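There are 4 protein chains.
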Amino acid sequence: MSDGAFPRPGHAPGMGRLTAAPHPLLFHLLYEPQFARDREEVLPRLLRIDAAHVLMLAERGILPRETAAGLLRVNRELAARVRAGEPAVEPPPVHRGLYMAYERHYVDRLGPEAGGAAHVARSRNDLNATVARMRLRDELLALLQAGGELAGVTLGLAGDHAGTAMSGFTHFQPAQPTTLGHYLAGVAAELLRALDLLAGAFASVNRSPLGAGAGLGTSFPIDRERTASLLGFDAVVANSLDAVASRDYAVQALAALSSLGITLTRLALDLQTWGSRAYGFLRWPDHLVSTSSMMPQKRNAFVLENIRGRAAAPAGALAAMLLGLKNTPFSNSVEAGAEAIAHLWPALTAGRTAVQLTELMLREVEVDSERMRRFLEGEETTMTALADHLVARHGLPFRTAHEAVGRFLQDASAGDLRSAAAVRAGLQEALREVAGREVLLDESEVALALDPLACIQTARYGGGPAPEPVRAQLVSLDEARQDLAARVAAWRQRLDRAETSLDEAVTALLGA
Amino acid sequence: MSDGAFPRPGHAPGMGRLTAAPHPLLFHLLYEPQFARDREEVLPRLLRIDAAHVLMLAERGILPRETAAGLLRVNRELAARVRAGEPAVEPPPVHRGLYMAYERHYVDRLGPEAGGAAHVARSRNDLNATVARMRLRDELLALLQAGGELAGVTLGLAGDHAGTAMSGFTHFQPAQPTTLGHYLAGVAAELLRALDLLAGAFASVNRSPLGAGAGLGTSFPIDRERTASLLGFDAVVANSLDAVASRDYAVQALAALSSLGITLTRLALDLQTWGSRAYGFLRWPDHLVSTSSMMPQKRNAFVLENIRGRAAAPAGALAAMLLGLKNTPFSNSVEAGAEAIAHLWPALTAGRTAVQLTELMLREVEVDSERMRRFLEGEETTMTALADHLVARHGLPFRTAHEAVGRFLQDASAGDLRSAAAVRAGLQEALREVAGREVLLDESEVALALDPLACIQTARYGGGPAPEPVRAQLVSLDEARQDLAARVAAWRQRLDRAETSLDEAVTALLGA
Amino acid sequence: MSDGAFPRPGHAPGMGRLTAAPHPLLFHLLYEPQFARDREEVLPRLLRIDAAHVLMLAERGILPRETAAGLLRVNRELAARVRAGEPAVEPPPVHRGLYMAYERHYVDRLGPEAGGAAHVARSRNDLNATVARMRLRDELLALLQAGGELAGVTLGLAGDHAGTAMSGFTHFQPAQPTTLGHYLAGVAAELLRALDLLAGAFASVNRSPLGAGAGLGTSFPIDRERTASLLGFDAVVANSLDAVASRDYAVQALAALSSLGITLTRLALDLQTWGSRAYGFLRWPDHLVSTSSMMPQKRNAFVLENIRGRAAAPAGALAAMLLGLKNTPFSNSVEAGAEAIAHLWPALTAGRTAVQLTELMLREVEVDSERMRRFLEGEETTMTALADHLVARHGLPFRTAHEAVGRFLQDASAGDLRSAAAVRAGLQEALREVAGREVLLDESEVALALDPLACIQTARYGGGPAPEPVRAQLVSLDEARQDLAARVAAWRQRLDRAETSLDEAVTALLGA
Amino acid sequence: MSDGAFPRPGHAPGMGRLTAAPHPLLFHLLYEPQFARDREEVLPRLLRIDAAHVLMLAERGILPRETAAGLLRVNRELAARVRAGEPAVEPPPVHRGLYMAYERHYVDRLGPEAGGAAHVARSRNDLNATVARMRLRDELLALLQAGGELAGVTLGLAGDHAGTAMSGFTHFQPAQPTTLGHYLAGVAAELLRALDLLAGAFASVNRSPLGAGAGLGTSFPIDRERTASLLGFDAVVANSLDAVASRDYAVQALAALSSLGITLTRLALDLQTWGSRAYGFLRWPDHLVSTSSMMPQKRNAFVLENIRGRAAAPAGALAAMLLGLKNTPFSNSVEAGAEAIAHLWPALTAGRTAVQLTELMLREVEVDSERMRRFLEGEETTMTALADHLVARHGLPFRTAHEAVGRFLQDASAGDLRSAAAVRAGLQEALREVAGREVLLDESEVALALDPLACIQTARYGGGPAPEPVRAQLVSLDEARQDLAARVAAWRQRLDRAETSLDEAVTALLGA
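Chains as they are written, first to last, in numbering that gives the first Met the number 0: chain A, 0 to 511; chain B, 0 to 511; chain C, 0 to 511; chain D, 0 to 511.
Below is the structure:
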């Protein structure tokens, strides 16, 4: 074989039957901006995939061992440069994307005979699909890590405030007495479910499409279980078309993250409401608020707005991705495999940022429990307890008790509600009117029913805020959190071990 | 207790402190249209929830057994009427929704003392949350059933056509030889994964929020594990706020269905492309096509367009639901629990319709395998095989082989490609030019490499279309399908058994 | 022509080359449910379109006058029944949609010779496109009407409260003094812009696709300007493919409504925040709030949550519609013309409901101006005014003044801020520290700068809340509102006149 | 004023009452990445806004002329550096965003007295709002330019192919004869409507919020009409709250672009379908297709997939933005003004790329009119014409004619359809059967009705494909295109002139 291979003017290896370079506008709008992004995110993964593929080809006798060794030596060199942050694969003045430049680098270094040998039984289609899954699994692990930490902080704060009385709210209005810990335990439960879905997405993602070629397999007797294992995948995607056509795992990941994001918008809205001066329940230190360039008195918990913005971004990206995938052929396509998938990455970053910022805001929140308690005592949050008391102690049907309390409230003044005597009198009057019967109450039982702190203690059923059952919930939620952390650690270990195995196997081949 | 209860003019039980009926516009725009819908979907489930709740209250001594019996007798009567399709709970001229009219019915029948007793330790908040989960789990089972049947038909058709040669496509252009069975096996794999996610959603949905009250629990010593079990739930939602505030399960269900829907749009696009006259691969019988009111020659497979429309609807509803939930307080709210959730039901129906129609179109498709084969033979789909052959038999590096075939194609006419002799000559020439070396080919090896049917047989690796490994995939996919069907059957059984238990327990109490 | 026309067994007119009825599942899932909806919304419009078409055919000599008269007589009869709410076109046991049953009705009444004559130079494609535009324009007019009324109420309320002092907010925190009127004027401006976009959508919608046939025109010398005019359209869609393929006008309408909806979610969130007990600025009468079935003290402004839910629905439907249209052929298709468009109607209803409910809530809101003022006076909203004063009267650079006020606030107690003397002293100290200079302030100027009511009066520039410029804004916004109302009235008149013209022309032909 | 201003440790101007730098995580996740983006896009616009503001302050006597001159000199210097691509505003090691560093730069250069003077009567809120509008209007002009060019190419191609016969399609099946020009004219009409909506968005965008301060105006007697004019705005936003809270213009722009994008997905799907080997109507030269790294025969028009991906992106971003805006307070907020708006920029780039790529693909498409014609002649596209002929010449009702042709097709072979004699015989037989009557046809009339080219010529009504009316459409569409181009040119001129005025006014002040 001569050095004169690929001699046609303007012809680059891989161009096949084409006789012209890409149109300048294509180059400018598509190939050039993509190259920069790919060198960052694709190249490091491509190098590992390539190493595993070449190693397997040699093991299976598809490539001569020496050819493989030549390729792997260049591969190691490139990988070292990438790790060192040095420029590794230089783009020619005009090109058709990173992969072609990458392959060209081998040909330039080893000549066409060896340099062009690696691309047997593979295609950019399965390579792209493999890179996308490897990138996504890394992102998911980082997200699960951050999510687990957020869950930990939330549960810790909930534990600290399992006894911190506050008004519960529905429809923005005071409802019944509760605790901040009870609120946070509820949020943490939803949060952990979303993280569990994200972990489920990891399991779907971590399957190898490598070996599927263009989507129609190959006649070379490759061992795709081997490459899958060397790359840390749990299994292979059985069908080659499925391997290159499907992006359902990306939808699964983004859907789970969207759900988590929605939870964060709800939490952040509550936190900002309660941190507003009208409530004054929460406050953040100076390094977490901003002031205004115009209004010197301002202390804005603006981070909660960034949280909501970033947390909502995955749901937008999910819409974009579903739109991108809709009505595409079930096969490899740029529309599905490059364009639609592109919505994934910024959304993962945004989602992770929202998670990290939320953790920070919960970690450093200052709770004004005194102000919470005062608000609670000033509102009518124990009226349900009062009605419940009439049922439990005086045998009234609940609806009648509810009506009587409602009737009483129609005429009661704010002052009345602060006096057990006034409540007793008014309620007895209302019971006469509504239920047509005389109920004898004494002040002490009324006072007890009106006491929000007592209410919290007795709300032990149905998942209510009494501190003891909330603490039990927190224990069980923390077990879920630990279980998740253990899964994440195990996955990381598997990926690390695979990386080591691949390195060792390459070293062994090179040494031989 | 006198008959004179709730005597205030214009006052209905449950109005509490309010002294006015709803504004006519509220009634007209909100309560009235909702009533009709709720009577259809909510009432049957409310009756069962109410029965379980009252039974539990009696078992726990919170309600006297006789009071409970009275309530349960009316409950049975109403349930019988609902089953018979008779009008059960009549709306008063002005009302505040089904629940209030429902409770009113008991008061009217049993008097306020007994009729108003059931509403202890509960709120519309936890009732609504419970109804939504019961409704959704029914819908999910129906969907999983239909999805399982679609998977079955797809796998059956794939099995029938594991040997039916066709051109594979990428970017709408002929790629390499494959089979229709291989294509369908790939689609079925993605389909079954979506169904598995839907089954996962069922597991998330099937947890009982009952007992959470307004979201802050209760001081009555209720047994929510008991009501959960009587209603067929797998477990309770531990935290009462989580129970009424969360709708993440609805997002989970809709996300899984959106993913399934996207798969169906891709399949239906391929089917319609291949059914177009330019391809002519597929055809449907008269009862599945429409003609035109204007163009008498028309046979339109329009159902594939309905499929795409309905299949895309869940993704739109998902966007709507995420939008609906964003920035709502984490508590009970109309915005989350009624408005956002409302996007669920039409989307589930649309998704199920798409599944059923797809099953029908696959069940009845007529495959023109002759036309598929002719198209395959007329296209250049074996050029990869030719390059592979040069690598495997003649030791060329793949990139050089690929280049040589590409070079050959630049000058080859359509006629050339049909003659092994012409290919041999042209390729040898191209090899000389591109690789600078002489490769001696004989016509028989070239003829074999050019034969698409032979290609299919040898594409046995990497998940390719060779019939044997495809059949193995189908076996394993069918196991997944059967496993899913078994899970669905077990869930149905559990729900049926719970219904029976509840009936028996009510009968026992009434008998006692 | 014999009575024996269309004699083939099971054959209905319009089936053309097809020899089988639709598959039962198609009938059950598609045709049957659609028939009921179409009879409601499509039939009344189809009757008018048909009348205009037949009339034009007769005028152009394409149909004999007597044939046309026969058809128009049946048309009138059917229209009368529809108006009377009587059943008009009965579905056969099995059918392929309303149109076929409609045409069948004419054949049954007049025989095939006359009954089958109307379908010349038309197709269901252009009929569907015409019906969709007629339906949408009616919906848009109703929406514009409701929107105009909402704008009127908002502007009226803004005028009433142009002098009602309240704290302005940014980031949920008190910012600077403002008025409720200023807030509402800002909202009204955004609202009126959205209505203007909706009016623009009306103009796009109101063009006639009739005559486009299947999308490829006709060789019959029809006069589509005539039918357009008889149906109240402003013009025709010039290109026949555009006429049946495009649904961009639906996107335009839904986008405008989505924008309006987002405005309403923002307004309704503010209203509910300010109506919460912690703020207490706003309140609604009993007939606009609900209580709780469990918590007797509750007065929930739940309608604001319905508003947000309904107002967000169009944005969800927009996502669904864009998804539905994406990657459809640019031609007539069920996917674009039936499925994608179907998301329009419930979204229009939801959007209109949100508009009407918002109008109601603004019309009946009770403003607690005393509580607003007290809150305003208790917060630090005049600190910007204080800094501005240092600039305007004492020549400090704004940044230094801002710093000095900020410095002062670091140590100031709540009590300090209520005393002009304390502020004077503290601020002078801060100015020494921050600016290194002595600024002599007297108590009266400080007191004036600290007075929020005075602040409002002086905030006359840049669109600020001083009552006079706000009133000027309201005048100009009201002109926009009146202009919109005039356009709506003119459009209604045009549609009414067209209806009259059509009736008269039919009468004339029947009389002749 | 001493050099010792802002002397507190760790204190930067603008921090006001805050005593701590931002938390490192905030800095790392928010401020730092934003700084790089803002320096690119915000700084150049901020400099112009600042110049206009300072100039106006001097003109109104709010700032001393010398102070203004000092500020403007630094401003000019910075602007010159930005234009030269040199680093202009260096970020301190820790900071709170570009604006604070920008202001700091002035203080560093001029001392606090002069350097801190510019920030009177303004806030980051109105600055941000102004920058966003200036950035968006630039993007819209670029988009309108590209869109106009695409429209021009489309119309040109349509004109070239007004006589190029092809089959029209509905439901992916041959419908009636048409021309490629007719198809493209239809697409161009929808395209131009979308561009008109984008131009409408420009008009909404081009209004100045400057002077609104934090959203509550100012007591300084500023002249916001003057700054608006100096910055090229058409008008001011009247209400200060509206000025900082509203982002409806961004929704309007993105909605118009989404609609345009959907049109492009439809066009690109049709082009790729017709470019597939099964159709073979269209082809692109080598510099616009890619081959496969594995399959040497491949010529993939992959750019059409990039087009669909990029064209769909704005619709995804629209969903994200609506989600981002939903339930935000109607006031300045990070959530609306920074987070939600951030979805705009990549979507505008993606949309523009799609437009440019589509233009390229249309400009260079190679139309195989011979292959189009052959396909047309081989299909049954003239059956409607045949039925029309029976109506027009033989007086049959259309439905009967349609039935008869349908009946005939049931038994006709492909060969029959190519012979006028066979059609004549078959059709007469069908007419006897269906209509019960004898219709005498002669071969020549049948032959004419069967000729697709003749059909195209006669389809002159209802917007059909006859070349003459299509050419008339193209003339009128081109007028719309020219009108758009003129509007764009006028806007550009206005912006350029404003830039010149601003420069001159600054020069004048500096000279004085």
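Think of the CB as a built atom: it goes at the ideal place given N, C-alpha and C, for glycine as much as any other residue.
Predicted, not measured: the structure shown is a model, and the values here were computed from it.
- Secondary structure at MET14(B): coil, using DSSP grouped into helix, strand and coil.
- By the criterion of a C-beta distance shorter than 8 Å, LEU356(C) is surrounded in its chain by VAL302, ASN305, ILE306 and ARG309, once the five residues flanking it on both sides are discounted.
- A residue is called buried when at least 16 other Cβ atoms come within 10 angstroms of its Cβ; PRO91(C) does not meet this threshold and is exposed.
- Contact check for ASP222(C) against ASN205(C) fails: the beta carbons are separated by 8 Å or more.
- The three-state secondary structure of ARG59(C), taken from DSSP, is coil.
- Rounded to the nearest whole angstrom, the C-alpha separation of PHE397(A) and LEU17(B) is 17 Å.
- Per DSSP, reduced to three states, the secondary structure at GLU89(A) is coil, with no helix or strand assignment.
- Chain C has no Cβ within less than 8 Å of the Cβ of VAL302(A).
- For the pair THR399(A) and GLY115(B), the CB atoms are nearer than the 8 Å cut-off.
- Membership of PHE397(A) in the alpha helix (DSSP H) is indicated by the continuous run 397-410.
- Using a 10 angstroms sphere on the CB of HIS27(C), the tally of other CB atoms stays under 16, which defines it as exposed.
- Among the CB atoms of chain A, one or more fall inside 8 Å of the CB of MET294(D).
- Residues of the same chain with a CB within less than 8 Å of the CB of SER291(D), apart from the 5 flanking positions on each side, are LYS297 and ASN299 in chain order.
- The Cβ atoms of LEU361(C) and LEU191(C) do not sit closer than 8 Å to each other.
- Of all residues in the stretch 362-375 of chain B, none is placed with a Cβ closer than 7 Å to any Cβ belonging to chain A.
- Sequence-ordered contacts of the stretch 267-278 of chain B with chain D read GLN271, THR272, GLY274, SER275, ARG276, ALA277 and TYR278 [C-beta pairs closer than 8 Å].
- Under the Cβ criterion of 8 Å, VAL404(A) is counted among the residues facing chain C.
- If you draw a straight line from the Cα of ARG276(B) to the Cα of THR380(D), it is about 12 Å long.
- Where ALA174(A) is concerned, the enclosing beta strand (DSSP E) starts and stops at 172-178.
- Rounded to whole angstroms, the separation of the alpha carbons of LEU46(C) and LEU71(C) is 9 Å.
- Sequence-distant Cβ neighbours of THR217(A) in its own chain, meaning closer than 6 Å and more than five residues away, are ALA120.
- The stretch 223-242 of chain B makes no contact with the stretch 435-447 of chain A; the number of CB pairs closer than 8 Å stays below 3.
- The DSSP assignment places complete alpha helix (DSSP H) segments of no fewer than 4 residues inside the stretch 204-239 of chain B at 223-229, in order along the chain.
- Listed in chain order, the non-local C-beta contacts of GLN251(A) below 6 Å within the same chain comprise ALA200 and SER203, local neighbours out to five positions each way being set aside.
- The beta strand (DSSP E) runs of length 3 or more contained entirely in the stretch 271-337 of chain B do not exist; there are none.
- The beta carbon of TYR101(C) sits closer than 6 Å to those of VAL88, all from its chain and outside the five residues before and after it, given in chain order.
- Residue pairing by DSSP leaves SER418(C) without any beta bridge partner.
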